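Chemist: This structure is in structure tokens; I'll ask about it shortly.
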Amino acid sequence: MSYKINTDDLPMERSLGIVWKTEMDTFDFDVQLADKPFTRRGVLSVVNNIFDPLGFIAPITVKGKMLFREFMSDGLN
Numbered sequence: 001m002s003y004k005i006n007t008d009d010l011p012m013e014r015s016l017g018i019v020w021k022t023e024m025d026t027f028d029f030d031v032q033l034a035d036k037p038f039t040r041r042g043v044l045s046v047v048n049n050i051f052d053p054l055g056f057i058a059p060i061t062v063k064g065k066m067l068f069r070e071f072m073s074d075g076l077n
């Protein structure tokens, strides 16, 4: 399959929950932030729902895990 860079739309490649937009050469992540309650379970569910096997968004997920640890050390429910 061949593409003309100037005229054809380049495809998006999907693998393991990560979308690579070849035209812009960027990675996109789909994070579902449905109405989760701001509780231990809600925070933990959102943080652990992000699938990032290569660690591209690890700085963000680590902040979420640190927030969860802070909740637990403060004794918040």
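All residue numbers for the sequence shown refer to the UniProt record's numbering, where the first residue is 1 and numbers rise by one. No residue lacks a Cβ here, since even glycine has one placed at the ideal position from N, Cα and C. Model, not experiment: these values are computed from the prediction.
1) So, V47 versus G75, is the Cβ gap smaller than 8 Å?
2) Quick one: is V43 buried, meaning 16 or more other Cβ sit within 10 Å of its Cβ, or exposed?
3) Just to confirm the assignment, what range does the alpha helix (DSSP H) spanning F68 have?
4) Among residues of its own chain, excluding the 5 on either side of K36, which ones have a beta-carbon nearer than 7 Å to its beta-carbon?
5) How about D52 and T39: do their beta carbons lie closer than 8 Å?
6) Please confirm whether V19 and I50 have their CB atoms less than 8 Å apart.
7) With DSSP run on the structure shown, which of helix, strand or coil describes G55?
Modeler: This is what the structure gives:
1) The residue you call residue 47 lines up with position 47 of the sequence shown. The residue you call residue 75 lines up with position 75 of the sequence shown. Between V47 and G75, the C-beta spacing is not below 8 Å.
2) Residue numbering aside, residue 43 sits at position 43 when the sequence shown is read from its first letter. Per the 10 Å Cβ criterion, buried.
3) Here residue 68 is taken as the residue at index 68 of the sequence shown, counted from 1. Where F68 is concerned, the enclosing alpha helix (DSSP H) stretches over A58 to D74.
4) Stepping through the sequence shown from its first residue, residue 36 is reached at position 36. Only G42, S45 and V46 meet the Cβ criterion.
5) Locating residue 52 in the sequence shown gives position 52, counting from the first residue. Locating residue 39 in the sequence shown gives position 39, counting from the first residue. Not a contact, by the Cβ cut-off of 8 Å.
6) Taking the sequence shown and counting its residues from 1, the one referred to as residue 19 is at position 19. Taking the sequence shown and counting its residues from 1, the one referred to as residue 50 is at position 50. Cβ distance not < 8 Å, so V19 and I50 don't count as in contact.
7) Residue numbering aside, residue 55 sits at position 55 when the sequence shown is read from its first letter. The answer is coil: DSSP assigns G55 none of H, G, I, E or B.
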